[in-house]
Amino acid sequence: MIKRFTALTFFVFILISSLSIGAQLPDFTALIEETSPAVVKINTVQKARKSSASQIPPGQIPDIFRELFQQRERRQAPRPAFSLGSGFVISDDGYILTNHHVVDGADEIVVRFSDRREFTAEVVGKDRRSDLALLKIEASGLPVLEFAEPEQLKVGAWVLAIGSPFGLDYSASVGIVSAIGRSIPTEKGENYVPFIQTDVAINPGNSGGPLFNLDGEVVGINSQIYSRSGGSIGLSFAIPASVAIGVVGQLKENGVVQRGWLGVVIQDVDRDLARSLDLDKPQGALINAVEPDSPADKGGISPGDVIIRFNSQPIVDSGDLPHVVGMLAPGKKAPVVLYRKGKLKKLSVEVGVLEGGEQSVTGRGDGSDRIGLVVEALSARELSSLGIRGGVVIEQVSPDSAATESGLKRGDIILQLGYSRIDDVDEYTQVIRELPTDTPVLIRFYRQGRAISRTIIIKS
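Position in the sequence shown counted from 1, then plus 214, gives you this note's numbering.
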């Protein structure tokens, strides 16, 4: 009897506890109904690229091999690539925000709303470093999402995502904020986004979709997942609203994003380094090197300094420094607090312009230039690692263009056009404008460690 009473009491306790916990959980139905009309599915098409480098003029193929060669060409014919992602409307006149990697290299972008309306979108601008892209469709009176105040988000807060994982339109998933300010360097070692980490189920197709707080405001843009299987394991990362707001403003106004630059090489401070530098605890960004004539050099920052505050924001880990510096407008003077030889020191540094931002030279409908390219500048570090003095890297090659006919590919670095050496985007822009039509022009470029020379013809 006692055992039965004890078991019954335990069951009632568990039931009451469960009901109590359940009563505290938020109801997301109203939030989803209100916000989903402004969330869009994005379908992209990258047309098949023909490489002239592998083509043999028909007149040079012996008759006995011609049919065999043509059969092989048909089997190996390139096919268009399709991809999908998500996005959301940020103004009622047709501006839509998504990820850079969702639309990167796309020749066609179609935006679809939950009411099944579809629009063709154009890229206003995109920023590889923040993984954001701004699109525009011809529409008005659209439902709009608002950004949340950046400082309000806390670890443990409920968040909700809406997107198209694996093409399953307008799927919702919920979770909590696991961490704020995560540093995730890109494949180029750049680190300019303090990511929001969540345990929300994010999968391929969610990229570019909104992450909401309980007020229906956008706190982040879903961008990455950590997964060994390709599916969600509860580690997802979103670009904070604070980063998106700054990037959108610059993309709307200029089509490109400028970031602050300091010109230092940094690392974390561990316990042993802290003791050797007379610090009371491991903190800050240790300066390992300072580029000559950089803003840091001109501002008096030296190797061995440990920056603990920049522009009045604390630098706890070394990854915090590029987050703060990158958000500043070039030319802004920022106060710096650092340790030097165990003593606090205050400086003022005028932030410079970070090189290597995505730029395009307009000339065609897809944003490419007269020869069919979108190019990017190279940073001083990239030039040094490649062992070259200058050049511009190809970001996008348009189909059926002079560049495609010459066999140029994304990632090639243009060093020379005609008799003109190409050191940066400005020189490239000037030379492109003056190239003649219907005339072979020398183009020299760098691909996978070797220099290649070809000719390119702009047809009238």
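C-beta atoms are modelled at their ideal positions from N, C-alpha and C, and glycine is treated no differently. These numbers come from a predicted model, not from an experiment.
- When beta bridges are read from the DSSP output, Gly422 appears opposite no residue.
- The C-beta of Ser421 has 16 or more other C-beta atoms within 10 Å across all chains shown, which makes the residue buried.
- The Cβ-Cβ distance between Ser300 and Gly445 does not fall below 8 Å.
- One thing to note: Asn257 has its Cβ no nearer than 8 Å to the Cβ of Val337.
- Gly377 carries a strand assignment under DSSP once its states are collapsed to helix, strand and coil.
- Distance from Val539 to Gly474 at the Cβ level is roughly 5 Å; contact confirmed, criterion being Cβ atoms closer than 8 Å.
- Per DSSP, the unbroken alpha helix (DSSP H) holding Gln644 starts and ends at 639-648.
- Classified as buried, Phe327 has 16 or more neighbouring CB atoms from the shown chains inside 10 Å of its CB.
- Across the structure, Leu487 and Gly498 are spaced so that their CA atoms are roughly 11 Å apart.
- Asp534: member of the alpha helix (DSSP H) spanning 534-540, first to last residue.
- Per DSSP, Gly301 lies in no alpha helix (DSSP H); the unbroken beta strand (DSSP E) holding it starts and ends at 295-305.
- In this structure, the straight-line span from the alpha carbon of Ile529 to that of Lys673 is close to 54 Å.
- Between Gln260 and Ala295, the C-beta spacing is below 8 Å.
- When beta bridges are read from the DSSP output, Val479 appears opposite Ala503.
- Spanning the alpha carbons of Val478 and Asn502 requires a straight line of approximately 7 Å.
- In terms of Cβ geometry, Leu356 and Gly308 form a close pair [threshold 8 Å].
- Put simply, the backbone Cα of Ser392 is about 9 Å away from that of Leu449.
- In the DSSP assignment, Lys559 falls within the unbroken beta strand (DSSP E) covering 557-564.
- Non-local beta-carbon contacts of Thr249 in its own chain, meaning distances under 8 Å to residues more than five positions away in sequence, involve Leu359, Ile376, Pro424, Phe426, Gly430 in chain order.
- Taking the C-beta atoms as reference points, Gly566 is found nearer than 8 Å to Ser508.
- Rounded to the nearest angstrom, the Cβ distance from Ile410 to Ala452 is 4 Å, consistent with a contact under 8 Å.
- By the neighbour-count criterion, in which a residue is buried when 16 or more other Cβ atoms sit within 10 angstroms of its Cβ, Val563 is buried.
- By the criterion of a C-beta distance shorter than 7 Å, Glu609 is surrounded in its chain by Glu572, Val588, Val589, Glu590, Arg624, once the five residues flanking it on both sides are discounted.
- In the structure shown, Ser450 falls within a strand segment according to DSSP collapsed to helix, strand and coil.
- Gly339 carries a strand assignment under DSSP once its states are collapsed to helix, strand and coil.
- Contact annotation: Asp652 and Val606 have beta-carbon atoms that are not nearer than 8 Å.
- Residue pairing from DSSP places Asn257 in a beta bridge opposite Leu298, Val324.
- The three-state secondary structure of Pro408, taken from DSSP, is strand.
- Here Ser378 really is in contact with Lys255; their C-beta atoms are around 5 Å apart, less than 8 Å.
- Counted as a single uninterrupted DSSP element, the alpha helix (DSSP H) harbouring Pro509 occupies residues 509-513.
- Counting along the chain, the unbroken alpha helix (DSSP H) around Glu596 starts and ends at 594-600.
- Its chain contains Ser441 as the residues whose beta carbon lies nearer than 6 Å to that of Ile447, once the 5 sequence neighbours on both sides are disregarded; these appear in chain order.
- In this structure Gln366 is exposed. Its beta-carbon is surrounded by fewer than 16 other beta-carbon atoms within 10 angstroms.
- Cβ atoms of Leu631 and Ile666 stay farther apart than 8 Å, at about 14 Å.
- Secondary structure note for Thr669: it is in no alpha helix (DSSP H), and the uninterrupted beta strand (DSSP E) holding it is 664-670.
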